[in-house]
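Add 3 to a position in the sequence shown, counting from 1, and you land on the number used in our numbering.
Virtual Cβ for every residue (Gly too), placed ideally from N, Cα, C.
The model shown is predicted, which means the values in this text are computed figures rather than measured ones.
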Amino acid sequence: MTDPRIRLLVVDDSNFVRIALRKMLEPAADIEIVGEARNGAEALRLSRKLKPHVVAMDLNMPIMDGIESVQAIAAEKGPPCIMVSNETSEGAAATIRALETGAVDFVCKNSSFITFDMASIERQLTEKVRHWGRWRMALTGERAVDPVPAAAPMPDPLPPPRSTLRGQRPDLVVIGVSTGGPVALVELLGTLGPLPCPLVVAQHMPASFTAGFAASLARSLNRLVGEGADGEMLDPAAVAILRGGSDWTVRRSASGRFTLHAADPAGAIYHPSADRLFRSAAETAESPVAVILTGMGDDGSAGSAAFAERRFPVLVQDPTTCAVDGMPRAAIRAGTATEVLPVASIARKLNALFTLS
4 MTDPRIRLLV
14 VDDSNFVRIA
24 LRKMLEPAAD
34 IEIVGEARNG
44 AEALRLSRKL
54 KPHVVAMDLN
64 MPIMDGIESV
74 QAIAAEKGPP
84 CIMVSNETSE
94 GAAATIRALE
104 TGAVDFVCKN
114 SSFITFDMAS
124 IERQLTEKVR
134 HWGRWRMALT
144 GERAVDPVPA
154 AAPMPDPLPP
164 PRSTLRGQRP
174 DLVVIGVSTG
184 GPVALVELLG
194 TLGPLPCPLV
204 VAQHMPASFT
214 AGFAASLARS
224 LNRLVGEGAD
234 GEMLDPAAVA
244 ILRGGSDWTV
254 RRSASGRFTL
264 HAADPAGAIY
274 HPSADRLFRS
284 AAETAESPVA
294 VILTGMGDDG
304 SAGSAAFAER
314 RFPVLVQDPT
324 TCAVDGMPRA
334 AIRAGTATEV
344 LPVASIARKL
354 NALFTLS
């Protein structure tokens, strides 16, 4: 008996874009486009009727836009929605609002689909539709067919966290996070008390998204949050969101303050690279703490090895609480995790460390 394919609903008011998305996904034997909608209202109706596992949703559409449709679908506990958005400041702001109101992920496109790297969006979209489709099918008790080649299963159980000899007040906190990050960061930063040291976040996002994301966090949390700039001296009471599309390192200035520095992104798959940030923090700070939250891939795992070598703490989100557990599981599997906790417990652990003398 053949396992069911991942059922996808494509939503965009442009016929050209719908055709382009269909062509991108045609090679994926495990994904079936079961319907197309031209606006958010139609998407809501077809979501109820066709029962897709995933929705690929445009933002700006007539009658009902993508954000309104996502809110309505999420309120009905419907399928996960992946936003297909323009890589502009307006598209970034709207995508962040969609993520805050129920969307699970996003893929960026050029507004015309002409100058965009088509291979890149095809790879990202296929990967994300597969991930969220499988997540939905697990939720509904269905099974997805394995794409070819199939990924090797992860060994279970995962190794226990390592012990650490460090019990010092942190002088720097660095965070690596990807898919599911906006929701996880709101919970983490909302639970944290006043910061006694800089907190630097490597959230995988395009360059056009991170300033708006930082502003959104600052508004919703009433906390000092900003996009980090090259050469910036870090404020001990503030959160710095690293600019997307680049990699970053931290250094100490002559005055002893930490400074941010942009680095050549060559060699890393995800940007900003948590691995690169973590390595520089372990080499520069006296008592840093690394945090690895939800996300696809394994970014942060190699960088956290530099923390483990120096017996600095590495706090990792419990994989069972992640939107996507790739990054946390990679660190746990590598044996670099000090503690494995839900997000709120990570925040409480940091609060306790902040009170150490």
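Of the candidates 32, 39, 339, 10, the residue whose Cα lies closest to the Cα of residue 23 is 39.
Closest option to residue 244, judged by alpha-carbon separation, among 18, 87, 130, 178: 178. Shortest Cα-Cα distance from residue 242 to any of 204, 298, 32 involves 204.
Taking one beta carbon from each stretch, the segment 46-54 and the segment 24-35 have fewer than 3 pairs nearer than 8 Å; the two do not touch.
Inter-residue distance for residue 289 and residue 208 is about 29 Å (C-alpha atoms, whole angstroms). Counting only residues of its own chain and dropping the five nearest sequence neighbours on each side, residue 176 has a CB closer than 6 Å to the CB of 202, 292. Taking each of 109, 323, 334, 358 in turn and checking the Cα distance to residue 346, the smallest one comes out for 323. Under the Cβ criterion (8 Å, minimum of three pairs), the segment 119-131 does not count as touching the segment 310-324. Taking C-alpha positions only, residue 200 is separated from residue 287 by approximately 14 Å.
If you look at residue 272, you'll find it isn't in any beta strand (DSSP E); DSSP assigns it neither H nor E. Looking at 266, 212, 48, 248, the one whose alpha-carbon comes closest to that of residue 234 is 266. Beyond the five residues adjoining it in sequence on each side, residue 99 comes within less than 6 Å, by CB distance, of 215, 216, 219 in the same chain, given in chain order.
When Cβ pairs closer than 8 Å are counted between the two stretches, the segment 247-263 is seen not to touch the segment 181-188, the count staying below three. Taking all protein chains in view, the Cβ of residue 62 is crowded by 16 or more other Cβ atoms within 10 Å, so the residue is classified as buried. Counting the other Cβ atoms within 10 Å of the Cβ of residue 143 gives fewer than 16, which makes it exposed. Between the alpha carbons of residue 71 and residue 43 lies a gap of roughly 7 Å.
Taking C-beta atoms as the reference points, residue 16 and residue 82 fail to come closer than 8 Å. When only Cα atoms are considered, residue 105 and residue 78 end up about 8 Å apart. Excluding sequence positions up to five before and after residue 171, its CB lies within less than 7 Å of the CB of 290, 359, all in the same chain and listed in chain order. Around the CB of residue 330, 16 or more other CB atoms lie within 10 Å, so the residue is classed as buried. DSSP, read as helix, strand or coil, puts residue 186 in helix. Annotated three-state conformation of residue 250 is strand, per DSSP.
With fewer than 16 other CB atoms across the displayed protein chains lying within 10 angstroms of its CB, residue 196 is exposed.
Inclusion of residue 173 and residue 356 in the CB contact set at 8 Å is warranted, their separation being smaller than that value. Distances from the alpha-carbon of residue 281 to those of 213, 206, 137 put 206 closest. A Cβ-Cβ separation of about 10 Å leaves residue 227 out of contact with residue 192 under the 8 Å criterion.
In this structure, the beta-carbon distance from residue 326 to residue 183 falls below 8 Å. Looking at the DSSP output, residue 10 sits in a beta bridge with 35. When the Cα atoms are used, residue 96 and residue 80 turn out to be separated by approximately 24 Å. Secondary structure at residue 332: helix, using DSSP grouped into helix, strand and coil.
Its Cα nearest to that of residue 145, the residue 8 stands out among 8, 297, 85. Comparing alpha carbon positions, the residue from 248, 285, 295 closest to residue 273 is 248.
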